[in-house]
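Asker:
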C-alpha cells in the first residue's frame, strides 16, 4: 500500500522517474530561514502547520530553526508527528467522536498535545476522556474571526465555553485559535491586511473579555503564509501557524505584495516532476501527471521556467499542455517541473519527497502522514 | 505510510470512523451484474478500467462476471493487478522512459500484458526492451477519435505506426485503442451518441485501411460508463473499457438518458462517510471531509439522501455545508454519506474500502494500487 520512491539517492535529477514530488532543498532551506528570521525579533512564537508537509523530518527542521512545535488538523497527523519525534503538537481543529478523542488524550500522555473546540458537548466529551486517561488536556477555543467556517463567535460565546473548560476536571483552558483562513489568498495587499485587522479586533475584544473574568489566554494562535506579517505585528497573536511558506504554490504566488507585485518573499521549492508522454500536434503535448499527481482545486499547475507552455487540463492520469511558442522543443520523454496549484492536497498524493540540491538527489523523505485523515 | 482502516469487520455502519470510503456491496454487485448482462449478447468483450477502483479484489469480481481482464493506465497499477491475481491487463496508455518500459516488458513475462502507443520512437524503445527480455509484447495504436488528448490521427498516421509495429521483432500489432473520453460526460443523450458515432466512423475507416494492408485489428478497444451502449452496438468496437459503472459519481449521475432524465442505469455504490465536526450557525455545518478526503475537480460532492443540505466548499480538511431547511437536525457528531464528484481520484486518496451490506461492515478491501502513478 506504500509506493516505491521515484528516485534513488545520488542520481541526477533528470534520471528521476515521474510523476515525482520534488523538493528543492536550497529553496526550502532558505524559506525556513526566512520565516524564522522574520519572526525572530517579534516576540511571537512560530508553530508551523504540519498539514502542509505531513513529514516529521520537516517538522524537526522547523523546530531546529526556532519553531516551538507544529500544528496538525487530525489525530492521525498528530500521531505521525509525535512518533516521528515532535514533542509538541497543537491540533488546531475540532476532534469529534469517541475513537478519535480516546486516541487524542492517550497521545497527550506521550507528548505535549493541545486541541481546539467550539462546542459544549465536545468539551464535555474531551474532559471525560482526559480524566479517564489521567491527563489534563490544554484546550483552545476556536473563534470565528471572519473565515465563517468553524468556531464560536467572538465575545460572549467564547467566554461561556472558556468558563466550561476552566471548570472541566480533565481540561486546562489554553487560549484562542483565531485563524482567518479566508484572508490568506486575498490578492490585494491592503484588503488582505484589512481582513486581518478586522480579525484582530475580534480577537482582542475576546481576549480582554476573558481576562476580565480571570481567564488568561496563554496562547493566541493564528496566521498563515499569506498574512503572518500582519498577525506578528499586531500585538494580539502570539503564535503563528503558517505552513505553506516552506513550499509555496501557484495560488500563493498570485498574492500581491505592498508594491502591487506578485511573488512574495518565499521561493517555490515544491514541484511535480512530469514527463511528456505524447506529442500529437505542434501545439499540444500530454504529460503523465494528472489528477492523481496533483490537486487542481485552486487552479491548474504552472510549468516552471516555461512561460510559453500552459497546463490547460488535468484528467485522471494526463495533463494536457498548450504550447504557445511553435519554437518550443518538447518531445516525448522530455521532463519538466510543475508548480502545483495548491501544495497541501498535492503532497497528500505522495509517499515520498524526492529532495534534490542542484542536479543531484540528496534524500528521500517519507511523507509519514500521507492519507492521515482519521 | 499505509493508513489504518476506519472500521472493523462486523461493526454497524454508524460505528465506522470518518472520513471513510464506503462501498455499498448490494449496489456494487448489482452494477457489476447489470453491465455484464447488458453486454452478454452483444459479442463484445468487457475489459473494465481498473483505474477506477485500483483493487485486485474488485478486478477479480469483474472477471468472475465475464470480464476478460482489466485496463490500467500505469505500469505500477498493472503490477498491482498482476500480483493481485489478474492474468490479463491492457495498459491503455503510453508508457515512456526506460525504467517504466523495462518493468512493463518484464511484467509481460508474468501475465498477459499489452500496451498502447502513439509515437514511433516509443515503438522502437518498446521493441528493444521486449527483445531484451525475450517477450513479444502486444501493442495497440491509440487513435485520436475526438478527445484531442493522446493518439495519432485516424487513417494514414495509424497505418504508418502499425507497419512499424508489425516489423518490430519484440512487438505484435494488437489493434486499436479508440477511446472517446471527451464524450463520457456530455449531458445530452443525442449529442453524446453523436460524439461516439463520429468516433466510430474514424475508427471504422482506420480498421479498414489497416485491413487492406494485411494488418488485422484483433482488438478495437474503447468506451466508458457514459457511452458503452453506443460502442457495444456499433459493430466497430469489440472491447469495452467502462470503469466508473461499479461506483458512479455526482458527475456521471448528471448525464441524461434517452428520456431526458438524469441518473442512468447504474446505482451510486461509493460514498465518503463524514462527521459533522462543527455546527456554528443554524444554516452552517462543517464536515471532517475536505480536499484530502474527496476530489472536487468535477464539482462538489452531494449529500446522499438530504436534498436540503448542500456541500458548498471544500478546504484541506473541512467541508462546509449549507442547510437550506431550518428543520434539518444535524448536530456535532452526526454522520452522513457524501456522493463524490469524481470517483477515480477520490478512491486514490484511500487505502481501504469499507464494504458494507445493509447496516453491517462486511469486508475491508485494500486499495493496493492507491498512489500507483509510476
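Residue numbers (the working numbering), protein chains in the order written: chain A, 1 to 374; chain B, 1001 to 1374. We put the beta carbon where it would ideally sit given N, CA and C, even for glycine. Being a predicted model, the structure only gives us computed values, none of them experimental.
State the start and end residues of the unbroken beta strand (DSSP E) segment that holds residue 1323(B).
Answerer: Within the second chain, the letter at position 323 stands for residue 1323(B). First-last of the beta strand (DSSP E) with residue 1323(B): 1319 to 1323.
Asker: Is the distance from the Cβ of residue 371(A) to the Cβ of residue 1349(B) below 8 angstroms?
Answerer: On the first chain, residue 371(A) is found 371 positions in, with the first residue counted as 1. On the second chain, residue 1349(B) is found 349 positions in, with the first residue counted as 1. Yes, Cβ-Cβ distance for residue 371(A) and residue 1349(B) is below 8 angstroms.
Asker: Rounding to the nearest angstrom, what Cα-Cα distance links residue 1298(B) and residue 342(A) in this structure?
Answerer: Numbered from 1 along the second chain, position 298 holds the residue referred to as residue 1298(B). Numbered from 1 along the first chain, position 342 holds the residue referred to as residue 342(A). If you take the alpha carbons of residue 1298(B) and residue 342(A), they lie about 16 angstroms apart.
Asker: Which same chain residues, not among the five before or five after residue 289(A), have their C-beta less than 6 angstroms away from its C-beta?
Answerer: Numbered from its first residue, the first chain carries residue 289(A) at position 289. Cβ neighbours of residue 289(A) beyond the five flanking positions: 19, 272, 274 and 319.
Asker: At the level of alpha carbons, what is the spacing between residue 1351(B) and residue 194(A)?
Answerer: Stepping through the second chain from its first residue, residue 1351(B) is reached at position 351. Stepping through the first chain from its first residue, residue 194(A) is reached at position 194. Computed Cα separation, rounded: 42 angstroms.
Asker: Count the other C-beta atoms from every protein chain shown that fall within 10 angstroms of the C-beta of residue 302(A), then say buried if there are 16 or more, exposed otherwise.
Answerer: Start at 1 with the first residue of the first chain, and residue 302(A) comes out as number 302. It is buried - the Cβ of residue 302(A) has at least 16 other Cβ atoms within 10 Å.
Asker: Quick one: what's got a C-beta closer than 6 angstroms to residue 100(A)'s C-beta in the same chain, skipping five residues either side?
Answerer: Stepping through the first chain from its first residue, residue 100(A) is reached at position 100. Excluding positions up to five away in sequence, the list reads 75.
Asker: Look up residue 142(A) in the DSSP assignment and give the residues it is bridged to.
Answerer: Residue 142(A) sits at position 142 when you count from the first residue of the first chain. Residue 142(A) pairs with 177(A).
Asker: DSSP three-state label for residue 364(A), please.
Answerer: For this step, residue 364(A) is matched to residue 364 along the first chain. In the three-state reduction of the DSSP assignment, residue 364(A) falls in the strand class.
Asker: Relative to chain B, which residues along the segment 297 to 329 of chain A have a C-beta separation below 8 angstroms, given in chain order?
Answerer: Under the 8 angstroms Cβ criterion, the segment 297 to 329 of chain A contributes 297, 314, 315, 316, 317, 318 and 320.
Asker: If you compare alpha carbons, which of 291(A), 11(A) and 310(A) is closest to residue 345(A)?
Answerer: Numbered from its first residue, the first chain carries residue 345(A) at position 345. When each option's Cα is compared against that of residue 345(A), the closest is 291(A).
Asker: Quick one: give me the first and last residue of the beta strand (DSSP E) that residue 254(A) is part of.
Answerer: Along the first chain, read from residue 1 onward, the residue named residue 254(A) stands at position 254. Where residue 254(A) is concerned, there is no enclosing beta strand (DSSP E), given that its DSSP letter is neither H nor E.
Asker: Taking 8 angstroms as the threshold (beta carbon to beta carbon), is residue 295(A) in contact with chain B?
Answerer: Working through the first chain from its first residue, we reach residue 295(A) at position 295. Judged by the 8 angstroms Cβ criterion, residue 295(A) is in contact with chain B.
Asker: Alpha carbons only, please: which of 1373(B), 1369(B) and 1365(B) is nearest the one belonging to residue 1009(B)?
Answerer: Walking along the second chain from the start, residue 1009(B) turns up at place 9. Considering only alpha carbons, the answer is 1365(B).
Asker: Can you confirm whether residue 371(A), when its beta carbon is compared against all beta carbons of chain B, has any partner nearer than 8 angstroms?
Answerer: Position 371 of the first chain, counted from the start, is the residue given in the question as residue 371(A). Cβ-Cβ to chain B under 8 angstroms: yes for residue 371(A).
Asker: If we count the other Cβ atoms within 10 Å of its Cβ and call it buried at 16 or more, is residue 202(A) buried or exposed?
Answerer: If you number the first chain from 1, residue 202(A) lands on position 202. Result: buried.
Asker: When the Cα atoms are used, what is the spatial distance from residue 236(A) to residue 208(A)?
Answerer: Taking the first residue of the first chain as 1, we reach residue 236(A) at position 236. Taking the first residue of the first chain as 1, we reach residue 208(A) at position 208. Distance between the alpha carbons of residue 236(A) and residue 208(A): 10 angstroms.
Asker: Under 8 angstroms, do residue 85(A) and residue 128(A) count as touching if we go by C-beta distance?
Answerer: In the first chain, counting from the first residue as 1, residue 85(A) sits at position 85. In the first chain, counting from the first residue as 1, residue 128(A) sits at position 128. Their beta carbons are not under 8 angstroms apart, which means residue 85(A) does not touch residue 128(A) by this criterion.
Asker: Buried or exposed: residue 1206(B), going by 16 or more other Cβ atoms within 10 Å of its Cβ?
Answerer: For the purposes of this step, residue 1206(B) is taken as residue 206 along the second chain, with counting starting at 1. Burial is judged here by how many other beta carbons sit within 10 angstroms of a residue's own beta carbon; residue 1206(B) has at least 16 and is buried.
Asker: Report yes or no: do the segment 157 to 165 of chain A and the segment 114 to 130 of chain A share at least 3 C-beta pairs separated by less than 8 angstroms?
Answerer: yes
Asker: Are residue 1140(B) and residue 1057(B) close, meaning C-beta to C-beta below 8 angstroms?
Answerer: The residue you call residue 1140(B) lines up with position 140 of the second chain. The residue you call residue 1057(B) lines up with position 57 of the second chain. Taking 8 angstroms as the Cβ cut-off, residue 1140(B) and residue 1057(B) do not qualify as a contacting pair.
Asker: Against chain B, with Cβ distances strictly below 8 angstroms, would residue 343(A) count as a contact?
Answerer: Start at 1 with the first residue of the first chain, and residue 343(A) comes out as number 343. Residue 343(A) does not count as touching chain B.
Asker: Which stretch, first to last residue, makes up the beta strand (DSSP E) that contains residue 1339(B)?
Answerer: The residue given as residue 1339(B) occupies position 339 in the second chain. That run of the beta strand (DSSP E) goes 1335 to 1339.
Asker: By a C-beta neighbour count over all protein chains shown, 10 Å radius and 16 as the cutoff for buried, is residue 1347(B) buried or exposed?
Answerer: Position 347 of the second chain, counting from 1, holds the residue named residue 1347(B). Burial call: buried.
Asker: Answer yes if the segment 1275 to 1288 of chain B comes into contact with the segment 1248 to 1264 of chain B, meaning at least three C-beta pairs across the two stretches below 8 angstroms, and no otherwise.
Answerer: Counting C-beta pairs with one atom in each stretch, the segment 1248 to 1264 of chain B and the segment 1275 to 1288 of chain B have fewer than three that are closer than 8 angstroms, which means they do not touch.
Asker: Spatial neighbours of residue 1016(B) within its chain, please: C-beta separation below 7 angstroms, excluding the five flanking residues on both sides.
Answerer: Along the second chain, one-based indexing puts residue 1016(B) at 16. Hits under 7 angstroms: 1006, 1007, 1273, 1354 and 1361.
Asker: In the DSSP assignment, find the unbroken beta strand (DSSP E) run with residue 1312(B) in it and report its ends.
Answerer: Looking up residue 1312(B) in the second chain gives position 312. Counting along the chain, the beta strand (DSSP E) containing residue 1312(B) begins and ends at 1309 to 1314.
Asker: Only counting runs of 3 or more residues, tell me where the beta strand (DSSP E) segments fall wholly within the segment 9 to 60 of chain A, in order along the chain.
Answerer: 20 to 24
Asker: Quick test of your reading: residue 231(A) and residue 222(A), contact by CB under 8 angstroms. State the CB separation rounded to the nearest angstrom.
Answerer: As a working mapping, residue 231(A) is identified with position 231 in the first chain. As a working mapping, residue 222(A) is identified with position 222 in the first chain. The pair is a contact, with the Cβ atoms about 6 angstroms apart (cut-off 8 angstroms).
Asker: Please compile the residues from chain A whose C-beta is within a distance smaller than 8 angstroms of the C-beta of residue 1181(B).
Answerer: Numbered from its first residue, the second chain carries residue 1181(B) at position 181. Chain A residues near residue 1181(B): 315.
Asker: When you compare the CB positions of residue 147(A) and residue 180(A), do they come within less than 8 angstroms of one another, or not?
Answerer: Within the first chain, the letter at position 147 stands for residue 147(A). Within the first chain, the letter at position 180 stands for residue 180(A). In contact: residue 147(A) and residue 180(A) (Cβ atoms closer than 8 angstroms).
Asker: Whole-angstrom Cβ separation of residue 1078(B) and residue 1089(B), contact assumed at under 8 angstroms?
Answerer: If you number the second chain from 1, residue 1078(B) lands on position 78. If you number the second chain from 1, residue 1089(B) lands on position 89. That belief holds up - the Cβ atoms of residue 1078(B) and residue 1089(B) are roughly 5 angstroms apart, short of 8 angstroms.
Asker: Taking the alpha carbon of residue 214(A) as the reference point, which residue from 175(A), 189(A) and 228(A) has its own alpha carbon closest?
Answerer: Within the first chain, residue 214(A) is the residue found at index 214, counting from 1. Among 175(A), 189(A) and 228(A), the Cα nearest to that of residue 214(A) belongs to 175(A).
Asker: Counting pairs of Cβ atoms below 8 angstroms between the segment 1304 to 1317 of chain B and the segment 1331 to 1341 of chain B, do you hit three or more?
Answerer: yes
Asker: Could you tell me the distance, in whole angstroms, from the CA atom of residue 260(A) to the CA atom of residue 182(A)?
Answerer: Residue mapping note: residue 260(A) aligns to position 260 of the first chain, counting from 1. Residue mapping note: residue 182(A) aligns to position 182 of the first chain, counting from 1. Rounded to the nearest angstrom, the two C-alpha atoms are 20 angstroms apart.
Asker: Taking just the CA atoms, how far does residue 1098(B) sit from residue 40(A)?
Answerer: Locating residue 40(A) in the first chain gives position 40, counting from the first residue. Locating residue 1098(B) in the second chain gives position 98, counting from the first residue. Approximately 48 angstroms, taken between the alpha carbons.
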